[in-house]
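Taking it in order: structure first as structure tokens, then the write-up.
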Amino acid sequence: MPTWIQLVFLACGVCFILALKGLSGPKNARNGNLLGAAAAVVACLVPFFWTDLHLKHVPLIIAAIVVGTIGGVYGARTVQMTQMPQMVALFNGVGGGAASLVALLELHDVVETAGDAPWFNLAATAFTIAVGSISFAGSIVTFAKLQELMTSRPVVFPGLPVAFGGSLVAALVLAGLLVNDPRMWVGVVLGLVGLLIGLLLVLPVGGADVPIVISLLNAFTGLTVAASGYVLSNVLLLVAGTLVGASGTFLTLLMARAMGRSVTNILFGALKGGSTLGAGEASDRPVRSVNPEDAAIMLGYADRVIIVPGYGLAVAQAQHSLRELVDVLGEKGVQVDYAIHPVAGRMPGHMNVLLAEAQVPYEQLREMDHINGDFKDADVVLVVGANDVVNPAAKTTPGAPIYGMPILNADEARQIIFMKRSMRPGFAGIENELLFDEKTSLLFGDAKDSMGKLLNAVKAL
Amino acid sequence: MPTWIQLVFLACGVCFILALKGLSGPKNARNGNLLGAAAAVVACLVPFFWTDLHLKHVPLIIAAIVVGTIGGVYGARTVQMTQMPQMVALFNGVGGGAASLVALLELHDVVETAGDAPWFNLAATAFTIAVGSISFAGSIVTFAKLQELMTSRPVVFPGLPVAFGGSLVAALVLAGLLVNDPRMWVGVVLGLVGLLIGLLLVLPVGGADVPIVISLLNAFTGLTVAASGYVLSNVLLLVAGTLVGASGTFLTLLMARAMGRSVTNILFGALKGGSTLGAGEASDRPVRSVNPEDAAIMLGYADRVIIVPGYGLAVAQAQHSLRELVDVLGEKGVQVDYAIHPVAGRMPGHMNVLLAEAQVPYEQLREMDHINGDFKDADVVLVVGANDVVNPAAKTTPGAPIYGMPILNADEARQIIFMKRSMRPGFAGIENELLFDEKTSLLFGDAKDSMGKLLNAVKAL
Amino acid sequence: MTLDTGVVWLTIFVLSVFVGIEVISKVSSTLHTPLMSGANAIHGIILLGAILVTGTTDNDLALVVGLIAIVLASVNMVGGFVVTDRMLQMFVRKKPAAPKNDQDGAA
Amino acid sequence: MTLDTGVVWLTIFVLSVFVGIEVISKVSSTLHTPLMSGANAIHGIILLGAILVTGTTDNDLALVVGLIAIVLASVNMVGGFVVTDRMLQMFVRKKPAAPKNDQDGAA
Ligand SMILES: NC(=O)c1ccc[n+]([C@@H]2O[C@H](COP(=O)([O-])OP(=O)(O)OC[C@H]3O[C@@H](n4cnc5c(N)ncnc54)[C@H](OP(=O)(O)O)[C@@H]3O)[C@@H](O)[C@H]2O)c1
Ligand SMILES: NC(=O)c1ccc[n+]([C@@H]2O[C@H](COP(=O)([O-])OP(=O)(O)OC[C@H]3O[C@@H](n4cnc5c(N)ncnc54)[C@H](OP(=O)(O)O)[C@@H]3O)[C@@H](O)[C@H]2O)c1
């Protein structure tokens, strides 16, 4: 490989590092991402300027790239913000699949050249085949769960732990075979077993934990890329893959902490019986419900109101009318803030994205740690499509799936209004005592409609 | 080089990384340092187990190591806390010297083997020779300045900029020569020129800025070690040296920011005329001085007292009696805190070390950002041997050497007591308006004596 | 160079691990999702690997498999970067305000 | 390996630069001095280089110079680590209290 190409690859690697660095802080996040994209494009152009490629393959390759690009851009453009997590899962999955296929081709080369490859290369190849397909299958399942193509509940069946363990063993045996004498069929079977493992790994995970699993699979894919970098002795793949593998693993732990869960618990909690997602049947205990007019009065004559937005706001797309409501209240001299819980919604920062989309001024978005002290001074807390993030069970009920997750102290306010459609619980699937508190009134209905009604009622005051 | 040795070296490199990581946080700082030490020892034992060394040299080498170790341990054990910076400077200097000598030996090998070395190796060698000696000479001068073997003022003479520029050019020329055809004498001369550059680089730097220069030279030495790692194709030296070079450079910038100065300004400020250290003559404007008894009354009957310790406390070694004073005041129901300025004293964290030594409970040590808001509620601020860190000129007088440095807002308190020996200014050598403020009284005398008197007076209340 | 190839790769790997972890160690939970999807896009660089193996193979089946890999990889890479940018646009729009207007100076 | 030696070294160098910077990017000014002197001790590893060149030279003058280098290097290395430890002892003695008792939760 000519030196200049090696240097280009190194430069691209540095760009990836800077990209990650940028992405970890708000200031340079976007530039970081663009820098990474530029580096990736450059790196992928290089092979065409350096003539080991069979010319007759070049058009096919370009065609394939075009197809993939169109697909990727289309998906990325059309996905709604609420569906981000499953989109990321999907992209990650195909990446893992690609890595697995590439590894199979490497294996194919080795087989043809009558297996003179050092054992470590074969081990790396086996690793990529297996983990790549795990990541592929796992991501597809997470996608299905989040997209609600299947239940987002943990799927557990009696034989599952056995099947899981068995397929792990099988994978190790096959990998061993492959290292001893490389054969194509072994590789293929290994890939299939990998798919099975991926499936069994993710089925028992509850929907609320899925983003963490995505992040984990993301790290897996990174490591497979690093491994094929080693096999292809391409430093860029090694560095880029390792970067993603390491940062992905670290990020997974960070996210798990932010949701007050442990990774092992998330992955194997369901197996160990303690379901990571509760029952979720609606309760029939009495609650105080309120009509938009009365709610409007409570809000209109308050001095201090805190809004707690949640996933429901996102699905109902009620953020715009919510902003209007807040503006109107502001004009009436009510001090209003939004209390943003780090895991409100279905992805971290979900609420920030949503409300930014609705042009809510940044000063009104207050992070949990900053505003939790203010709830006791609040006259009314308006909980819009949120539930778990204000569920006192996180403090009071050990064993609850969200136990240990820091929550917003809505319960300290003088009055609480919940806007939700039913008594159904939130993502964690557990009942919320706060709904039955005598300070609480419920404004039933789709967040968007009732928000509209509420808005008019407030204007009418 | 046998593989196991390469792996040992790699492991040592990792330990160095972890050591630096540990050192950057209070929790693991000490373990980090010990880990680094262990790794260094292991690495240096390796050559003895792998037989390229001429056996007849081994005893000499061991003897040399013993001598160096004894010297190092002795210095490290006996140095007083106040002299830390110069100790670090000294250790850094000898390291640079060693690197420079090693490079000369590498050059010697090349010359003997009739210069078949690639140009880049020669360039690296030249770099190490030059920069190593710069670091050596520079560090020795800083040592002399801090140890007050010479004036800590900037030394500037007419021809200096010319001489400096000239020697830089000379170094570049010599390096060019060396790369073209390696000769021993060129290397030696290059080393001498390096010494000259180091001298001229540090002479014009004011004492207050010296620690930053030490940090910079530290980074230089790191880079030279990295360069010889490349020449000796030893990954450990490369990694370790680069780590120190990079982190040292970064740390230099951090420190400069903490003192509100820019690195270029520190290095070349004196040349540009704007001396980095002011005049420093004692002023004869009237001030209100106070005797221990009255000071004791002010303190004893206050509700809230804030202590501002500074370099003077360190030289007078008055920290122990100060702690006693604070305890007594505490018993009298006075609320007392220590306000720690990040650059109070002569090295960052100097006050923390000092007061920790005197067993002051951690809760009483308050960082600048935390306590600056409390000064306005303080009845008395007791400034013990501090000056620049409470000098309002940092806010009010553009052009003052400390202008832009964040200071402790002692001036907001109701009363201020300065304990110092004279009207002489602080390290920055500029007058402190606060000494002449009508809220201020001065308790003259060596901090230790007057602290003792003050203590007795307070007990007597 | 007196170094084994394997050791060299190991060294590069180890250093990259540290870089990967340290570089994101200060990320705020607000940015978890964009960071995740950005990293996700970066490992789309497997596209480079796919191109290399596909372009140099002589076996038709391998060629087909390779082309599939290329399609998947480019979906990962291109889609990943685009979707990340879409998310970040919305953050960035408001970020300039962040430092000044955060009402809570603390933390 | 299809890589030039030079590029390999450059790669390792570049990665180390990132590690070096990122690893200390969160240091508090209280620890500047110990960190400085700790890093200082680490580059004392030049002792290893000094031992290698001195042990393998055949020229007497070179031997003498090498031994001087060894003395200097070991002063740097040993002294550096010892003095750093001395400084840190004093910090560490009180550190356990740090997280809990800091009266100012903020910042
Ligand atoms: N942010 C993340 O990274 C992340 C990722 C995965 C999971 N999670 C989990 O997701 C949960 C987030 O908590 P959250 O409080 O934001 O959401 P939540 O606990 O899932 O509650 C959402 C609430 O919105 C209501 N809702 C749904 N659609 C609505 C509509 N169209 N109109 C009005 N209300 C509607 C639902 O009640 P009704 O059905 O009765 O209307 C539900 O009570 C946490 O458990 C968190 O751990 C977070
Ligand atoms: N921390 C760092 O990293 C660092 C490094 C280098 C320089 N500096 C600089 O050093 C300065 C530190 O500020 P600082 O306020 O701590 O110290 P300072 O400004 O240097 O003032 C020290 C004061 O202590 C008095 N003093 C000296 N010996 C004394 C004794 N035995 N008894 C009583 N008083 C005594 C001196 O006045 P008398 O002579 O009249 O007694 C002087 O006013 C800043 O300018 C800073 O930039 C800091």
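Those sequence lines, one after another, are chains A, B, C and D.
Quick note: the first sequence uses our numbering, first residue 2, plus one each step.
Quick note: the second sequence uses our numbering, first residue 2, plus one each step.
Quick note: the third sequence uses our numbering, first residue 27, plus one each step.
Quick note: the fourth sequence uses our numbering, first residue 27, plus one each step.
C-beta: ideal position from N, C-alpha, C; glycine also.
Every candidate beta strand (DSSP E) stretch fails here, since none sits fully inside the region 153-218 of chain A while reaching 3 residues.
Contact note: Leu114/C reaches chain A through Ala30, Arg31 and Asn34, using a C-beta cutoff of 7 Å and chain order.
Val49/C is outside the set of residues whose beta carbon lies under 8 Å from a beta carbon in chain B. Ile47/C and Val103/B have their C-alpha atoms roughly 35 Å apart. Excluding its 5 nearest sequence neighbours in each direction, Val47/B has C-beta neighbours in its own chain below 8 Å: Ile6, Val9 and Phe10, listed in chain order. For Thr37/C, the nearest CB of chain B lies under 8 Å from its own CB, placing it at the interface with that chain.
With fewer than 16 other Cβ atoms inside 10 Å of its own Cβ, Asp378/A counts as exposed. From the beta-carbon of Leu29/C, the residues of chain B found nearer than 8 Å are Met2, Gln7, Ser234 and Val236. In the structure shown, Ser442/B falls within a strand segment according to DSSP collapsed to helix, strand and coil.
Between Ile63/B and Gly81/D, the C-beta gap is not smaller than 8 Å, which leaves the two residues out of contact. For the set Ile198/A, Leu193/A, Asp182/A and Val156/A, the Cα lying nearest the Cα of Leu169/A is the one of Ile198/A. Counting only residues of its own chain and dropping the five nearest sequence neighbours on each side, Ser136/A has a CB closer than 6 Å to the CB of Gly97, Leu218, Phe221 and Thr222.
The beta carbons of Ile418/A and Ser451/A sit no closer together than 8 Å.
Checking the 7 Å criterion, the Cβ of Asn388/B is within range of a heavy atom belonging to ligand 2. Within the region 8-20 of chain B, those residues whose Cβ lies closer than 8 Å to any Cβ of chain C are, in chain order, Leu8, Leu11, Gly14, Val15 and Ile18. Taking C-beta atoms as the reference points, Val187/B and Leu179/B count as a pair closer than 8 Å.
Cβ-Cβ separation between Ala315/A and Val109/C: approximately 17 Å, too far for a contact (criterion under 8 Å). Pairing Cys13/A with Ala44/A gives a Cβ-Cβ distance under 8 Å. Boundaries for Phe419/B: no alpha helix (DSSP H) harbours it, while the beta strand (DSSP E) harbouring it runs Gln416 to Lys421, taken from the DSSP string.
Interface flag for Val33/D against chain A is set, since a Cβ pair is found closer than 8 Å. Counting C-beta pairs closer than 8 Å gives fewer than three between the region 365-381 of chain B and the region 398-405 of chain B, which falls short of the contact rule. Val45/C does not reach chain B, its nearest Cβ partner there being about 10 Å away, counting only Cβ pairs nearer than 8 Å. The CB of Ser248/B comes closer than 7 Å to the CB of Gly46, Ile47, Val49, Ile50 and Ala65 in chain D, given here in chain order.
Taking 8 Å as the CB threshold, Ser55/D stays off the interface with chain C. Contact fails between the region 149-161 of chain B and the region 258-266 of chain B, because fewer than three Cβ pairs, one in each stretch, are under 8 Å apart.
Residues of chain B whose Cβ lies closer than 9 Å to the Cβ of Asp111/D are, in chain order, Arg31, Asn34, Leu35, Ala38 and Ala77. By the Cβ rule, the region 96-115 of chain C does not count as touching the region 110-130 of chain A, because fewer than three pairs are nearer than 8 Å. Membership of Pro293/A in the alpha helix (DSSP H) is indicated by the continuous run Pro293 to Gly301.
Closest in alpha carbon position to Met151/B, among Leu106/B, Gly207/B and Val132/B, is Gly207/B. In summary, Phe50/B is exposed, with fewer than 16 beta-carbon neighbours lying within 10 Å of its beta-carbon over all protein chains present. For Leu366/B, there is no enclosing alpha helix (DSSP H); the residue is found in the beta strand (DSSP E) stretching over Leu366 to Glu368. With a cutoff of 7 Å, Met260/A counts as near ligand 1, since its C-beta is closer than that to a heavy atom of the ligand. Identification of chain C residues near Lys22/A by a Cβ-Cβ cut-off of 7 Å yields Val49, ordered along the chain. By the Cβ neighbour-count rule, Asp111/D is buried, with 16 or more other Cβ atoms within 10 Å of its own.
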